[in-house]
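The sequence shown begins at 143 in the numbering used here and counts up one residue at a time. See structure below.
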Amino acid sequence: MTANGYAMIAQVRFRELKTRIGLAAFIAVTTWFLTHTVWPAVWFGAVVATQALDWIAFGPLRRQPEVAPSTAYKAVLCATASINVIVYSAIAAYLWTAGGDAGRLFAIIQVAGGLLHVSLHMHHVRPLLFAAVVPHSLYFLGMPIVGAIVDGKPQEMLIAVGGVLYMMHLIVAVRQSSMTTKALQAANAEALAEREKAEIASAAKSEFLAVISHEIRTPMNAVISAANLLRRTRLDREQREHVSMLLDGGDVLVSLLNDVLDLSKIEAGKMQLESSVMDLREKLGSLGRLWEPKAAANGVRLKIEIDPGVPDCVRTDPLRLQQMLFNLLSNAVKFTDDGSITVSVDWRAEDRRLIMAVSDTGVGIPADRLARIFDSFEQVDAGTTRKYGGTGLGLAISRRLAEIMGGRLTAESVVGEGSTFVLSLPMEPVAKPAAETRRRSVQQAGLEGKVILAADDHAVNRRILSLLLEPHGCEIILVENGAEAVEAAKSQRFDAILMDMQMPVMDGLEASAQIRAGGLNRKTPLIALTANAMDVHRAAWDATGVHAFLTKPIDPVLLAATLAEACAQPVEDEAARVA
Ligand code: ADP
């Protein structure tokens with residue numbers, strides 16, 4: 143504390159320098175009025191000189207407050223403080239002798255004020271405190287005592303006695319203030335240490351959750367894929383039911399893992415956002431197509447209303463935007479038994495914000511629960527999980543994602559009437575890319591006879607890929623890492639390449655870049671397989687020209703559809719190839 147205390151005093155002295163000089167000027171003028179001599183001017187000059195000395199002496203400490211002063215330096219600082227007080231209060235001694243009654247009163251009050259000031263601002267560094275207090279006290283008590291003796295006015299000794307009483311009060315006040323300061327500093331230090339501990343514990347928890355959920359996903363991938371394969375075999379009714387239970391349970395577990403992973407990454411501050419161009423109307427259209435049948439199954443109408451002022455294309459993180467809208471729509475569908483769900487999309491040009499409101503005519507949320515639904519693992523009532531499923535993480539993740547993206551997610555609701563969730567996100571409107579407007583007609587085809595290269599370091603995953611794809615009549619060449627994929631791509635032309643991201647020897651991104659650099663497969667459609675949609679460093683893959691991303695556990699239908707679409711060349715490209 144003491145080493146730090148010197149630095150603190152250095153800062154305070156510097157801050158107060160102008161005030162001290164201003165005050166000295168005022169005292170000098172007052173003294174001149176009372177005495178009409180040259181001494182106040184001389185004194186003022188001396189004050190300015192000693193303040194300059196003070197400024198120079200405390201300079202190194204001001205510039206490097208973290209460096210503890212040496213003993214010699216501390217002695218210099220104390221001597222400077224003493225000299226300062228001696229010179230500053232010298233005017234009081236002069237006024238005491240030459241200023242008459244008013245001068246004496248002025249002098250004693252000024253020294254008392256000075257004593258109070260140094261006691262309060264230097265009390266945490268004892269040597270400095272003594273260096274300043276001792277000369278002050280000498281003036282304070284010395285003036286009336288010397289006066290009483292020299293002038294032969296013993297009654298003036300009473301002023302000295304009053305001075306002693308004043309100093310005793312001062313000592314009590316300073317001790318009290320010192321104790322309060324120390325208690326406050328201890329409490330602050332404790333709070334800081336506790337906060338650091340809590341932050342470390344929270345980061346460790348998030349890290350642990352992220353690692354665990356990531357690690358559980360790989361075996362879950364195998365379990366779900368194996369259950370998918372099992373479902374295609376000849377099963378009796380009971381076995382089919384058991385496999386369905388396996389798949390349903392697996393789906394719930396994977397979505398919970400994804401949510402926990404997302405939340406722990408957000409909390410650890412490791413959520414990375416991507417930025418790419420997204421066709422808003424197309425994205426909203428596909429979300430509508432996805433949710434319409436589910437809403438209709440409950441007798442609920444889903445409407446999507448897009449204001450004409452909404453730009454066609456924007457630059458944003460499409461994956462995250464989709465995740466938030468998906469969550470809001472899934473809730474709206476889940477909690478609406480009849481009526482309608484409306485997604486209205488507006489553009490606020492003044493601050494370039496997309497305002498998306500998802501309104502439903504569902505069960506609604508009581509006012510006292512409305513703020514809580516955005517907390518992790520919060521549901522309106524405990525029966526929600528039993529009745530509707532879910533974990534209470536979706537809105538917590540969505541709100542934090544919105545905030546990370548610079549936006550907001552808010553809710554309004556009336557029980558029994560419905561709820562409205564409003565997502566507002568800043569985005570940059572961009573011109574529709576030329577390639578987008580010229581909608582490419584894709585020739586739909588199956589996988590029959592296609593040759594596909596698949597790179598994955600896990601033997602189980604390779605087996606699953608071949609079990610899933612071979613029934614479609616395609617030939618699948620399996621390799622174990624990126625380097626082998628590059629080798630294979632040199633000697634044979636493939637119809638599509640499936641590339642895992644994380645592999646030993648050479649990862650998927652590097653291998654894809656090398657394949658794209660030249661050779662037989664430089665234009666072959668590449669599909670990236672990711673263990674986690676969040677790990678996709680979209681920009682890097684986009685630069686490689688990846689055709690699509692598939693998240694593990696692999697959905698067999700989506701895999702086949704994506705591959706078929708990738709293998710089917712756009713008509714004009716096909717023509718070019720034939721020519
Ligand atoms: P989950 O849906 O997995 O339970 P969420 O975080 O998405 O988790 O939602 C938290 C809770 O908020 C839900 O369990 C539900 O009680 C309430 N809620 C969310 N959306 C709606 C809605 N549209 N209508 C009524 N209640 C809702």
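Each residue gets a CB set at the ideal place from its N, CA and C atoms; glycine is no exception.
query, result
"Less than 7 Å between the CB of I515 and some heavy atom of ligand 1, yes or no?", "yes"
"At least one CB of chain C closer than 8 Å to the CB of E338: is that the case?", "Protein chains in the displayed structure number just one, and chain C is not present."
"Is it a yes or a no for the stretch 253-266 touching the stretch 300-318, going by three-plus beta-carbon pairs under 8 Å?", "yes"
"Are the beta-carbon atoms of D401 and L535 separated by less than 8 Å?", "yes"
"Counting pairs of beta carbons, one from the stretch 473-485 and one from the stretch 590-597, are three or more of them closer than 8 Å?", "no"
"Cα-Cα, which of M387, P695, R443 and G201 is closest to H356?", "P695"
"Taking all protein chains shown into account, do 16 or more other C-beta atoms lie within 10 angstroms of the C-beta of A439, making it buried, or fewer, making it exposed?", "exposed"
"Here's the rule: buried if 16 or more other CB atoms are within 10 angstroms of the residue's CB, otherwise exposed. What is S633?", "exposed"
"Enumerate, from N- to C-terminal direction, the unbroken alpha helix (DSSP H) stretches of 4 or more residues contained entirely within the stretch 385-470.", "422-439"
"Nearest to A274 by alpha carbon, out of D598, A254, P202 and S319?", "A254"
"For ligand 1, is there a heavy atom less than 7 Å away from the beta-carbon of A149?", "no"
"Are three or more beta carbon pairs between the stretch 620-633 and the stretch 559-568 nearer than 8 Å?", "no"
"I want to check one thing, is the minimum distance from the CB of V505 to the heavy atoms of ligand 1 below 7 Å?", "yes"
"Verify whether the separation of the beta carbon atoms of S482 and V442 is less than 8 Å.", "yes"
"Are the beta-carbon atoms belonging to A544 and I515 less than 8 Å from one another?", "no"
"I228 and P277 look like a contact to me (Cβ under 8 Å); what is the Cβ gap, rounded to whole Å?", "5 Å"
"Flag D502 as yes when its Cβ comes closer than 7 Å to any non-hydrogen atom of ligand 1, and as no otherwise.", "yes"
"From which residue to which residue does the beta strand (DSSP E) around M648 run?", "M648 -> no beta strand (DSSP E), and no H or E assigned at all."
"Counting only runs of 4+ residues fully inside the stretch 221-299, write out the alpha helix (DSSP H) ranges in chain order.", "242-264 and 268-293"
"Among V171, R376, R550 and F175, which has the Cα closest to the Cα of F186?", "V171"
"Starting from A670, trace the beta strand (DSSP E) in both directions and tell me its first and last residue.", "L668 to T672"
"Excluding sequence positions up to five away, which residues of its chain have a Cβ less than 8 Å from the Cβ of T177?", "Y236, L237, A240, G241 and G245"
"Quick test of the definition: if touching needs 3 or more C-beta pairs under 8 Å, does the stretch 372-390 touch the stretch 491-508?", "no"
"Which class does P571 belong to by DSSP, given the choice of helix, strand or coil?", "strand"
"Apart from the five residues just before and just after Q111, which ones in its own chain have a Cβ nearer than 8 Å to its Cβ?", "Since the first residue of the chain shown is 143 and the last is 721, residue 111 is not available in this structure."
"By a C-beta neighbour count over all protein chains shown, 10 Å radius and 16 as the cutoff for buried, is Q585 buried or exposed?", "Note that Q585 has pLDDT 39, beneath the 50 cutoff, so the model's placement of it is unreliable and the number below is only indicative. Exposed."
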